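**Student:** One structure, pasted below without further comment.
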Amino acid sequence: GVQTANGGIVLENSSSVTGNIYSNGPIVGSGSNLITGSAVSAGPTGSVTGVASGGSMYAHSISNSTVGGNAYYVSKTSTSVSGTSYPGSIDQATSSLPITDDMITQFEADALTGGTYSTPCTINAPVTWTARKITCATLIIKDTVTLSGMVWLTGNLEISNSGNIRLDPSLGAQSAGFIVDNPSNRLTSSKIDIKNSATFTGSGTSGSFVLLLSQNNSAELGGGEKAVELENSASGDILLYAAHGEVQIANNAALKEVTAYRVHLKNSANVTYTSGLANALFVGSPSGSWKVLDWKEGQ
Numbered sequence: 016g017v018q019t020a021n022g023g024i025v026l027e028n029s030s031s032v033t034g035n036i037y038s039n040g041p042i043v044g045s046g047s048n049l050i051t052g053s054a055v056s057a058g059p060t061g062s063v064t065g066v067a068s069g070g071s072m073y074a075h076s077i078s079n080s081t082v083g084g085n086a087y088y089v090s091k092t093s094t095s096v097s098g099t100s101y102p103g104s105i106d107q108a109t110s111s112l113p114i115t116d117d118m119i120t121q122f123e124a125d126a127l128t129g130g131t132y133s134t135p136c137t138i139n140a141p142v143t144w145t146a147r148k149i150t151c152a153t154l155i156i157k158d159t160v161t162l163s164g165m166v167w168l169t170g171n172l173e174i175s176n177s178g179n180i181r182l183d184p185s186l187g188a189q190s191a192g193f194i195v196d197n198p199s200n201r202l203t204s205s206k207i208d209i210k211n212s213a214t215f216t217g218s219g220t221s222g223s224f225v226l227l228l229s230q231n232n233s234a235e236l237g238g239g240e241k242a243v244e245l246e247n248s249a250s251g252d253i254l255l256y257a258a259h260g261e262v263q264i265a266n267n268a269a270l271k272e273v274t275a276y277r278v279h280l281k282n283s284a285n286v287t288y289t290s291g292l293a294n295a296l297f298v299g300s301p302s303g304s305w306k307v308l309d310w311k312e313g314q
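The sequence shown: position 292 = 307 (my numbering), numbered continuously.
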């Protein structure tokens, strides 16, 4: 359900993950945040603090947590374990994020095959788009956009006021969406803001999802900009990806998958893993899919 790089994941208030977390950084909760599956904080500095897991927990250090399965660790404090404790366990290996920058470059090349557009920058009526590059400083979506290919936006993306991104039924099991990337400004641009009652709908075939990918790199460089902010009642068949930035999810937002340098869940935000996401097919991608390696207890 959630995969992060070195920035890790923070869960606040009553936020939760229905599924698993695999992080190269710390997993930090506020005391009772629930992860229904397993929680892995990999590497020699891996740590889990203040969360409850329904499955097993793996980290160099575990503290102030509740483990529903087994616990694998070097050090453990103030933590209850329903299963078996394995002190002195080998640290789990860190994992690369699944969509590489080279793949993103290919997505952008695919988008360019549909031409370059500078207008419209505000969508107030339904539109249907094939692959394309859009050069708006900020693209604002307030109505329905139907996609049949990848869109590369060289600015910021704002989806609000019941804006809806849906995929054309012709895509079948394939996924498509927006690559938000301003190569000349990835520090304060290349951002995605999703709010109000924004919704996201796949093609209608199982395994089809809307991808929203940001190349903002502020978090990775130590800055405070958010690559993706999702709040209020936004929901649907949505995958959020920000390999170099922070994804912040708040209020009653619910989504299927989030992968980022850092993830911050607030209020009652929930990520619910959907079976098969690890093999999502993206339209036009050179390899057809990307895969996240799973983990198993005892490894």
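Cβ atoms here follow ideal geometry from the backbone N, Cα and C, with glycine treated the same way. Predicted model only: the values in this text are computed from it and were never measured.
1) Tell me which residues share the same chain as S76 and place their Cβ nearer than 6 Å to its Cβ, disregarding the 5 neighbours each side in the sequence.
2) CA-CA distance, D117 and S97?
3) How would you label S80, buried or exposed, when you count the other beta carbons within 10 angstroms and need 16 or more for buried?
4) Quick one: residues in its chain with C-beta nearer than 6 Å to the C-beta of F122, no 5 flanking neighbours on either side, listed in chain order?
5) Please give me, in chain order, every unbroken run of the beta strand (DSSP E) with length at least 3 that falls completely inside the segment 97-131.
6) Going by DSSP, what residue range makes up the beta strand (DSSP E) through R277?
7) Bridge partners for V262 per DSSP, in chain order?
8) Name the one or two DSSP bridge partners that L202 has.
9) Quick one: residues in its chain with C-beta nearer than 6 Å to the C-beta of C136, no 5 flanking neighbours on either side, listed in chain order?
10) Name, in chain order, the residues that DSSP records as bridge partners for Y87.
11) Can you say whether L236 is buried or exposed, counting buried as having 16 or more other CB atoms within 10 angstroms of its CB?
12) Can you say whether S111 is buried or exposed, counting buried as having 16 or more other CB atoms within 10 angstroms of its CB?
13) Would N171 pass as a contact of K157 if the rule is Cβ separation under 8 Å?
14) Starting from Q189, follow the beta strand (DSSP E) in both directions and report where the run begins and ends.
15) By alpha-carbon positions, which one of L162, E246 and L127 ends up nearest to V142?
16) Would you mind sorting G103 into buried or exposed? The rule is 16 or more other CB atoms within 10 Å of its CB.
**Tutor:** On the basis of the coordinates in this document:
1) Against the sequence shown, residue 76 aligns to sequence position 61. The answer, listed in chain order, is S62 and S90.
2) Taking the first residue of the sequence shown as position 1, residue 117 is located at position 102. Taking the first residue of the sequence shown as position 1, residue 97 is located at position 82. Going from the Cα of D117 to the Cα of S97 covers about 43 Å.
3) As a position in the sequence shown, residue 80 is number 65, starting the count at 1. Counting Cβ neighbours within 10 Å, S80 comes out buried, since at least 16 surround it.
4) Looking up residue 122 in the sequence shown gives position 107. Cβ within range, chain order: M165 and I194.
5) 100-102
6) The residue given as residue 277 occupies position 262 in the sequence shown. First-last of the beta strand (DSSP E) with R277: E272 to L280.
7) Position 247 of the sequence shown, counting from 1, holds the residue named residue 262. In the DSSP output, where bridge partners are listed per residue, V262 has V243 and V278.
8) Start at 1 with the first residue of the sequence shown, and residue 202 comes out as number 187. In DSSP, L202 forms no bridge with anything.
9) Counted from its first residue, the sequence shown places residue 136 at position 121. Answer for C136: C151 and L154, listed in chain order.
10) Counting from 1 along the sequence shown, the entry for residue 87 is found at position 72. DSSP, once it has assigned bridges, lists Y73 and Y101 as partnering Y87.
11) Residue numbering aside, residue 236 sits at position 221 when the sequence shown is read from its first letter. Its Cβ having fewer than 16 others within 10 Å, L236 is exposed.
12) Walking along the sequence shown from the start, residue 111 turns up at place 96. S111 is exposed by the Cβ-count criterion.
13) Here residue 171 is taken as the residue at index 156 of the sequence shown, counted from 1. Here residue 157 is taken as the residue at index 142 of the sequence shown, counted from 1. Result no, Cβ atoms of N171 and K157 do not sit closer than 8 Å.
14) In the sequence shown, residue 189 corresponds to position 174, counting from 1. Q189 to V195 is the span of the beta strand (DSSP E), which, as asked, contains Q189.
15) Taking the sequence shown and counting its residues from 1, the one referred to as residue 142 is at position 127. The shortest C-alpha separation from V142 is found at L162.
16) The sequence position of residue 103 within the sequence shown is 88, counting from 1. Exposed, by the Cβ-count rule.
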